[in-house]
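**Student:** The numbers in this note's numbering rise by one with no breaks, and the one at position 159 of the sequence shown is 159.
Glycine residues also receive a C-beta, built at the ideal position from the N, C-alpha and C atoms.
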Amino acid sequence: MKLEDIMQVNSSLNSKIQYNPIRKTKFLLMGLLIILNIIVRIPSIPHEKGYDSFFIHSLANSVSNAGVAQWWINWMSVFGLYPYSYASAVPFTLSGISQLIGVRMEIAILLFCVALGLFSIFASYSLATVIYDNFLHRFLFTFIYSLSAGTLNLTTWEITTRAQIIVFLPFLMYLAFQIVKKLKVRFILMFFMTALLLLATHHFIYLTMLYSGIIFLTAILYRWCKRNNYLNIHKTQFERINLSYAYISIFFLLIGLIFLNGSKWGLITAGSRYTWIITMGVITGRNVGFFLPLSIGGFIYIVFKKDKLLEDWAILICLLPTAIFSFNQTYGYLSTYLFATLLGAVGFLNIIRNQTRRIKTVAIVVIMILISNVAFSTFFVHYRLGLKGGYSDWYMKEETFSTGEWIKNYISHDKIAVENGFETDRMVASYGGKPIVYSDDITNYINGLTTLDQQNIMKNSPFSKEYYFDNPYVLKTSSSGALNWIYLFPITDQRAKNFVGRLNVSYYYEDQSVHNTLFSSLPGNKNKIYDGGRMRLWEN
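Right, dumping it as structure tokens:
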């Protein structure tokens, strides 16, 4: 297949590179993209990675063990909106995969992540069909979105509910655009079903609903202007530039206000504002990759584009709340990432279109840039996260897994244990959660180690930030705080004895890289029954 059959120059008309692939070429490119998405998600580590991943892993274990969601107190618990509960969609899905296929939960997580990665291709291409008008632009955006670190990191053997937001956000916006364009029942039904699924997945659904609302309102305003012939009124170039500069002024005024008042508004919560912004830029650059600088060019292009379409206005207006949420270092990149890749694809294609000579050289450069971005993403996912080592290990070690297997085979499942570190939490998830451990509030409630106390529940105001970022209802005090307090005393202290006796603790799971007074006092006072190097087990 010759390059000239794929990319043709029509300099007599518009001096732009036109991409007119035959159907066979389209299927070939999309097929290769699917294969590449599978290959880059092949594990390079012995066990699953992540931090939230093992908590959700434990919830999925509890569903498999009990057959029900033991954290469901009322209907709000299904969506994780009530104390002692968590959004239920992902744990149920993982438990179903594990039981139906008959594989360990970590293998179910691996399969689920690969499926999410493949769905990101479908979701991003769907959105691209309503924003871009040619296959090359759609393919480039799909390639960038599905293989940049923001998507790849969260969908490579790590189960975090943020991955579903990353993957489904383009699809939800696609459905919103289809509703305002065609208003067909199937798109409306799919929109509400997807929104309900995301509500049972992660609280960031609030922001996705905001974007959908912006699309709906923009469509109403756009059609109203078009109906009244406002969009067809002749405008001078001076007037067009002024309108573009008006948007730029509003955008940067918003950024400036956040910069000056971010601490007062709760957007900058630690350190200096300069350090916060630099960290925010590093997080965005790490997730978007080499296309982040190109997104600036794409942004300028859309702002100053003549005869903007509905999609252009919707994207520009969506960027305004995105500028605000981008200052949240924990969740802000979830929305920033989508628009940065959208604009990056625009900027990238504009560079390609402006090169009317040396087409083969341009094609080689394009391919090298795409390969480099994928190389950066895979390096970040498969190696970069593990450079720190020690307690910040980014995946579960084989030693931890082996210790969990020993517990599963040689310790009675009706016993109770106390542990001292994050690696021991991973171990508990790996062996299925039986014997149980005293841990966080949700796990303690599931295992019957704490009970629901209405006096310990506080309601947040719908007008507060905590209502959306925390929960409508939250606990005043946490049960996990009791264990953190007991860590301060040796096992011979009466307070530690009372705590252990009240829970009827039989075993202690120790991660030797984590030190506290309670576990440091175990040698000489308790019987060591297992020593795996870093992981040790003690009998009460």
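Hey, could you find the ends of the beta strand (DSSP E) Asp531 is sitting in?
**Tutor:** One-based indexing of the sequence shown puts residue 531 at position 531. Here the beta strand (DSSP E) through Asp531 covers Asn527 to Asp531.
**Student:** Ignore the nearest five residues each way along the sequence and tell me which others in Tyr331's own chain have a CB closer than 7 Å to its CB.
**Tutor:** For the purposes of this step, residue 331 is identified with residue 331 of the sequence shown, where counting begins at 1. Answer for Tyr331: Phe204, listed in chain order.
**Student:** Taking the alpha-carbon positions, what's the Ser597 to Ile416 distance?
**Tutor:** No statement about residue 597 is possible, as the shown extent of the chain runs from 1 to 540 and does not include it.
**Student:** When you compare only the Cα positions, how much space is there between Pro293 and Gly347?
**Tutor:** Looking up residue 293 in the sequence shown gives position 293. Looking up residue 347 in the sequence shown gives position 347. Each residue's alpha carbon lies about 9 Å from the other.
**Student:** Does any C-beta atom of chain C lie closer than 8 Å to the C-beta of Leu169?
**Tutor:** Protein chains in the displayed structure number just one, and chain C is not present.
**Student:** So, are the CB atoms of Ile109 and Ser146 less than 8 Å apart?
**Tutor:** Within the sequence shown, the letter at position 109 stands for residue 109. Within the sequence shown, the letter at position 146 stands for residue 146. Against a cut-off of 8 Å, the Cβ pair of Ser146 and Ile109 comes out as no contact.
**Student:** May I ask which residues mark the beginning and end of the beta strand (DSSP E) holding Ala417?
**Tutor:** One-based indexing of the sequence shown puts residue 417 at position 417. Ile416 to Glu419 is the extent of the beta strand (DSSP E) around Ala417.
**Student:** With DSSP as the reference, please indicate the residues paired to Tyr507 in a beta bridge.
**Tutor:** One-based indexing of the sequence shown puts residue 507 at position 507. According to DSSP, Tyr507 bridges with Ala417 and Glu539.
**Student:** With DSSP run on the structure shown, which of helix, strand or coil describes Phe79?
**Tutor:** Start at 1 with the first residue of the sequence shown, and residue 79 comes out as number 79. Note: Phe79 maps to strand in three-state DSSP.
**Student:** So what does DSSP say about Leu197, is it helix, strand or coil?
**Tutor:** Mapped onto the sequence shown, residue 197 falls at position 197. Here Leu197 sits in helix by DSSP.
**Student:** Does DSSP classify Met458 as helix, strand or coil?
**Tutor:** Residue mapping note: residue 458 aligns to position 458 of the sequence shown, counting from 1. Three-state result, Met458: strand.
**Student:** With H, G and I counted as helix, E and B as strand and the rest as coil, what does DSSP make of Tyr473?
**Tutor:** Locating residue 473 in the sequence shown gives position 473, counting from the first residue. If DSSP states are grouped into helix, strand and coil, Tyr473 belongs with the strands.
**Student:** Give me the residue from Ala69, Leu32, Tyr84 and Pro46 with the minimum Cα distance to Asp440.
**Tutor:** Position 440 of the sequence shown, counted from the first residue, corresponds to residue 440. If we check each option's Cα against that of Asp440, Tyr84 comes out closest.
**Student:** Using DSSP's beta-bridge definition, name the partner residues of Pro91.
**Tutor:** In the sequence shown, the residue the question calls residue 91 occupies position 91. The partner list for Pro91 (beta bridge, DSSP) is empty, contrary to what the question assumes.
**Student:** For Arg502, count neighbouring Cβ atoms within 10 angstroms of its own Cβ and tell me buried if that reaches 16, exposed if not.
**Tutor:** Indexing the sequence shown from 1 puts residue 502 at position 502. Flag for Arg502 reads exposed.
**Student:** Using a threshold of 8 Å, state whether the C-beta atoms of Ser124 and Pro170 are closer than that.
**Tutor:** What you label residue 124 is simply residue 124 of the sequence shown in a count that begins at 1. What you label residue 170 is simply residue 170 of the sequence shown in a count that begins at 1. Yes, these two residues count as a Cβ contact at 8 Å.
**Student:** Where Cys113 and Asn61 are concerned, what is the direct C-alpha to C-alpha distance, given to the nearest angstrom?
**Tutor:** Here residue 113 refers to the residue found at position 113 of the sequence shown. Here residue 61 refers to the residue found at position 61 of the sequence shown. Going by the C-alpha atoms only, they are around 17 Å apart.
**Student:** Pro527 to Leu32, Cα distance in whole Å?
**Tutor:** Position 527 of the sequence shown holds residue 527. Position 32 of the sequence shown holds residue 32. A quick correction: the sequence has Asn, not Pro, at residue 527. One C-alpha to the other measures close to 57 Å.
**Student:** Taking only runs of the alpha helix (DSSP H) that begin and end inside the region 318 to 384, which ones reach a length of at least 4 residues, in chain order?
**Tutor:** The qualifying runs are 332 to 353 and 359 to 382.
**Student:** Taking C-alpha atoms, which residue in Asp52, Tyr445, Thr451 and Asn409 lies nearest to Lys434?
**Tutor:** Counting from 1 along the sequence shown, the entry for residue 434 is found at position 434. Closest by alpha carbon: Asn409.
**Student:** If you drop the 5 nearest sequence neighbours on each side, which residues of the same chain put their C-beta closer than 7 Å to that of Ile214?
**Tutor:** Within the sequence shown, numbered from 1, the residue matching residue 214 stands at position 214. Contacts found: Ala314, Ile317 and Cys318.
**Student:** In terms of DSSP beta bridges, what is Ile561 paired with?
**Tutor:** Summary: the structure shown does not reach residue 561, with the chain confined to residues 1 through 540, and so no result is reported for it.
**Student:** Quick check on Tyr84: does DSSP put it in helix, strand or coil?
**Tutor:** Within the sequence shown, the letter at position 84 stands for residue 84. The answer is coil: DSSP assigns Tyr84 none of H, G, I, E or B.
**Student:** If I'm right that Ile34 touches Leu118 with Cβ under 8 Å, what's the distance once you round it to whole angstroms?
**Tutor:** The residue labelled residue 34 in the question sits at position 34 within the sequence shown. The residue labelled residue 118 in the question sits at position 118 within the sequence shown. Going by Cβ atoms, the distance from Ile34 to Leu118 rounds to 6 Å, so yes, they are a contact pair.
**Student:** With burial defined as no fewer than 16 other Cβ atoms inside 10 Å of the residue's Cβ, what is the status of Phe54: buried or exposed?
**Tutor:** The count along the sequence shown starts at 1 and reaches residue 54 at position 54. Per the 10 Å Cβ criterion, buried.
**Student:** Within 10 angstroms of its Cβ, does Gly150 collect 16 or more other Cβ (buried), or is it exposed?
**Tutor:** As a working mapping, residue 150 is identified with position 150 in the sequence shown. Classification for Gly150: buried.
**Student:** Return the first residue and the last residue of the beta strand (DSSP E) that Ile436 is part of.
**Tutor:** Here the question's residue 436 lines up with position 436 in the sequence shown. Run containing Ile436: Ile436 to Tyr438, per the beta strand (DSSP E) assignment.
**Student:** Candidates Asp493, Asn153, Lys308 and His382: which alpha carbon is nearest Ser44's?
**Tutor:** As a working note, residue 44 is residue 44 in the sequence shown. Measuring from the Cα of Ser44, the nearest candidate turns out to be His382.
**Student:** Measuring only the C-alpha atoms, how far is Glu158 from Asn516?
**Tutor:** Here the question's residue 158 lines up with position 158 in the sequence shown. Here the question's residue 516 lines up with position 516 in the sequence shown. So the two alpha carbons sit approximately 29 Å from each other.
**Student:** Determine, using beta carbons only, whether Ala141 and Thr341 come nearer to each other than 8 Å.
**Tutor:** Counting from 1 along the sequence shown, the entry for residue 141 is found at position 141. Counting from 1 along the sequence shown, the entry for residue 341 is found at position 341. A small fix is needed here, since residue 141 is Phe in this sequence, not Ala. For Phe141 and Thr341, yes; Cβs fall inside 8 Å.
**Student:** Smallest Cα separation from Asp531: which of Glu399, Asp425 and Phe463?
**Tutor:** Along the sequence shown, one-based indexing puts residue 531 at 531. Answer by Cα proximity: Glu399.
**Student:** Pull up the distance between the alpha-carbon of Leu309 and that of Leu254, whole angstroms please.
**Tutor:** For the purposes of this step, residue 309 is identified with residue 309 of the sequence shown, where counting begins at 1. For the purposes of this step, residue 254 is identified with residue 254 of the sequence shown, where counting begins at 1. Roughly 24 Å separates the two Cα atoms.
**Student:** Residues in the same chain with beta-carbon distance under 8 Å from Met280, minus the five sequence neighbours each way, listed in chain order, please.
**Tutor:** Locating residue 280 in the sequence shown gives position 280, counting from the first residue. Closer than 8 Å at Cβ, skipping near neighbours: Ser326, Phe327, Gln329 and Gly332.
**Student:** Going by C-alpha to C-alpha distance, which of Ala66, Asn74 and Arg495 sits closest to Ser95?
**Tutor:** The residue given as residue 95 occupies position 95 in the sequence shown. Per the Cα distances, Ala66.
**Student:** Give me whichever residues DSSP pairs with Tyr395 in a beta bridge.
**Tutor:** Position 395 of the sequence shown, counted from the start, is the residue given in the question as residue 395. Paired residue(s): Lys49.
**Student:** Once the 5 residues before and after Met190 are set aside, which same chain residues still bring their CB inside 8 Å of it?
**Tutor:** As a position in the sequence shown, residue 190 is number 190, starting the count at 1. Excluding residues within five positions, the ones whose Cβ falls inside 8 Å are Leu175.
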